[in-house]
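Here is the structure we will look at, set down as structure tokens.
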Amino acid sequence: MMRFGKVTVKSRADFNGSKHLKWSNVSFGTNNLGNPFATLHLPLAKTAEAGEIQKVHISEHKDICPLEALLNLAKVVPAGLNDPLFSWHDKKGDLRPIVCKAALKRINSITTAWGWGTSFGHSFHIGGTSHYMSLGKDPEIIHIAGCWKSLAYQTYLRAFELVVMRHMNTNPANCPPRPLGWA
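Mapping of the sequence shown onto the numbering used here: position 27 corresponds to residue 962, and the numbering continues sequentially without gaps.
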């Protein structure tokens, strides 16, 4: 449930370890129930106060697991602690940070080929939010976990809800009730 801009850079030369995620900004652990997790300590975030480090917590999931993906990334793209977290090796073996426009172009080439339309950087933040809402999660938890500073996420979800109903011929009377706390 992160903004794509938190994990990418504008250009290869743009990477700055004091602003962008690097491997030293990741910590792994287990919670009091013994479940593994990772925490990303964001050195700079659009919604953070100056000097504030936002944290994004990643936990295990059954089907598509972000924690497993992060551990796999460490194996597939070996990097040092001060290297970009989300990166790749070019043909020469040099480590390169993921550039936002290039990554979105590649993602969109795949999604449009499948007839799914295109994405923009904020799509991942909105998509994560709508996913958790569809699972019936508490809106306040989504608000906190998504680092939303305003109630804008509810606007996105209302629009998403209307689009789904319109294009999937869903009768609002057949939809599950909104979770408690939903405005």
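For each residue, glycine too, the CB sits at the ideal point set by N, CA and C.
For clarity, every value in this text was computed on a predicted model and none was experimentally measured.
Which residue marks the beginning of the alpha helix (DSSP H) containing residue i, and which one marks its end?
i, result
"Ser1044", "Cys1035 to Ala1048"
"Leu956", "From DSSP, Leu956 is part of no alpha helix (DSSP H); its letter is neither H nor E."
"Val1011", "Pro1001 to Val1011"
Find out if the Cβ-Cβ distance for the pair residue i, residue j is shorter than 8 Å.
i, j, result
"Ser946", "Asn970", "no"
"Thr1022", "Pro1032", "The question names Thr, yet the displayed sequence has Ser at residue 1022. Yes, they are a contact pair."
"Asn1007", "Ser959", "no"
"Ala973", "Leu1005", "yes"
"Leu956", "Leu1002", "no"
"Val1034", "Val944", "yes"
Using the Cα positions of residue i and residue j, report the straight-line distance between them to the nearest angstrom.
i, j, result
"Ala948", "Ala1048", "31 Å"
"His1078", "Gly964", "24 Å"
"Ala1118", "Gln1089", "The predicted position of Ala1118 is uncertain, since its pLDDT is 48 and thus under 50; a value taken from the coordinates is nonetheless stated next. Ala1118 and Gln1089: Cα-Cα distance of roughly 8 Å."
"Gly1071", "His996", "16 Å"
"Gly940", "Lys1040", "14 Å"
"Cys1000", "Gly1028", "28 Å"
"Leu968", "Lys1026", "43 Å"
"Ser1044", "His976", "31 Å"
"Glu987", "Lys954", "12 Å"
"Ile1042", "Gly1050", "12 Å"
"Ala1053", "Gly1015", "Note that residue 1053 is Thr in the sequence shown, not Ala. Cα to Cα, the separation comes out at about 33 Å."
"Asn966", "Ala1009", "21 Å"
"Pro978", "Val991", "11 Å"
"Thr1064", "Asp998", "17 Å"
"Ile1076", "Ser962", "22 Å"
"Val942", "Phe950", "11 Å"
"Tyr1067", "Lys1036", "27 Å"
"Leu1030", "His1024", "5 Å"
"Asp1073", "Leu1086", "14 Å"
Would you give the residue range spanned by the beta strand (DSSP E) that residue i belongs to?
i, result
"Ser994", "Gln989 to Ser994"
"Pro971", "Pro971 to Leu977"
"Trp1051", "Segment: none, Trp1051 is in no beta strand (DSSP E) and carries neither H nor E."
"Leu1030", "Leu1030 to Pro1032"
"Ser1022", "Ser1022 to His1024"
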